[in-house]
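**Student:** In this note's numbering, the protein residues as written are 148 to 282. Dropping a structure here in structure tokens format, bear with me for questions.
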């Protein structure tokens, strides 16, 4: 028996600012249209996926959002491809919808706020951008 999907306005999400050294994580709700930074995972490979598994079990999101970086002109680069691969891994492993958001300058914006955890703050900005784009 499968769970009944949440009505769209009540959906919750986990968002990720993917990086090769650290991956920022945030959570948020479509109802409030806000996101909250959670933490950064300074893990790679399987260790990162195990940590994400714990977060998914704890927060029980309806879907996931990943930031996909691009050059200022919109062109793709190596990290674009790595972020998309990360998204495919999330979708395959956790069987949740994965939405991509253009995340140019989110880390720079997060740094400008003087936050302690730039990667988690960038993940929150990515999720808030997703809400703006899909409202």
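Just so it is clear, CB atoms sit at the ideal spot from N, CA and C, and this is done for glycine as well.
Would you mind giving the Cβ-Cβ distance between residue 190 and residue 173, rounded to the nearest angstrom? I have them listed as a contact below 8 Å.
**Tutor:** Counting from one through the chain shown, the residue named residue 190 turns up at place 43. Counting from one through the chain shown, the residue named residue 173 turns up at place 26. Not quite, the Cβ-Cβ distance comes to about 17 Å (not below 8 Å), so this is no contact.
**Student:** Quick check on DSSP: helix, strand or coil for residue 170?
**Tutor:** Taking the chain shown and counting its residues from 1, one reaches residue 170 at position 23. Correct three-state label for residue 170: strand.
**Student:** Which of helix, strand or coil does DSSP assign to residue 287?
**Tutor:** With the chain covering only 148 through 282, there is no way to say anything about residue 287.
**Student:** Can you confirm whether the region 258 to 270 touches the region 215 to 231 when touching is taken to mean that 3 or more C-beta pairs between the two stretches lie within less than 8 Å?
**Tutor:** no
**Student:** State yes or no: is the C-beta of residue 162 within less than 8 Å of the C-beta of residue 244?
**Tutor:** Here residue 162 refers to the residue found at position 15 of the chain shown. Here residue 244 refers to the residue found at position 97 of the chain shown. The answer is no: Cβ separation not under 8 Å.
**Student:** Rounded to a whole number of angstroms, what is the C-alpha to C-alpha distance between residue 165 and residue 248?
**Tutor:** To locate residue 165, count along the chain shown from 1; it is residue 18. To locate residue 248, count along the chain shown from 1; it is residue 101. Their Cα atoms are separated by approximately 12 Å.
**Student:** Let me make sure I understand the geometry here. Which of 207, 206, 223 has the alpha-carbon closest to that of residue 214?
**Tutor:** In the chain shown, counting from the first residue as 1, residue 214 sits at position 67. Residue 223 is the option with its Cα nearest to residue 214.
**Student:** Count the other C-beta atoms from every protein chain shown that fall within 10 angstroms of the C-beta of residue 257, then say buried if there are 16 or more, exposed otherwise.
**Tutor:** As a first step, residue 257 is located in the chain shown; it is residue number 110 there, counting from the start. By the neighbour-count rule (16 or more Cβ atoms within 10 Å), residue 257 is buried.
**Student:** Taking only the alpha-carbon atoms, compute the straight-line gap between residue 259 and residue 274 and give it to the nearest angstrom.
**Tutor:** The sequence position of residue 259 within the chain shown is 112, counting from 1. The sequence position of residue 274 within the chain shown is 127, counting from 1. Each residue's alpha carbon lies about 18 Å from the other.
**Student:** Who pairs with residue 214 in a beta bridge, going by DSSP?
**Tutor:** Residue 214 sits at position 67 when you count from the first residue of the chain shown. Residue 214 is bridged to 248.
**Student:** Rounded to the nearest angstrom, how far is the Cβ of residue 183 from that of residue 216, given a contact under 8 Å?
**Tutor:** If you number the chain shown from 1, residue 183 lands on position 36. If you number the chain shown from 1, residue 216 lands on position 69. Contact doesn't hold; Cβ gap of about 22 Å is too wide.
**Student:** Kindly indicate which three-state DSSP category residue 223 falls into: helix, strand or coil?
**Tutor:** As a first step, residue 223 must be located in the chain shown, where it is residue number 76. Looking at residue 223 - three-state DSSP - the assignment turns out to be coil, as it is neither helix nor strand.
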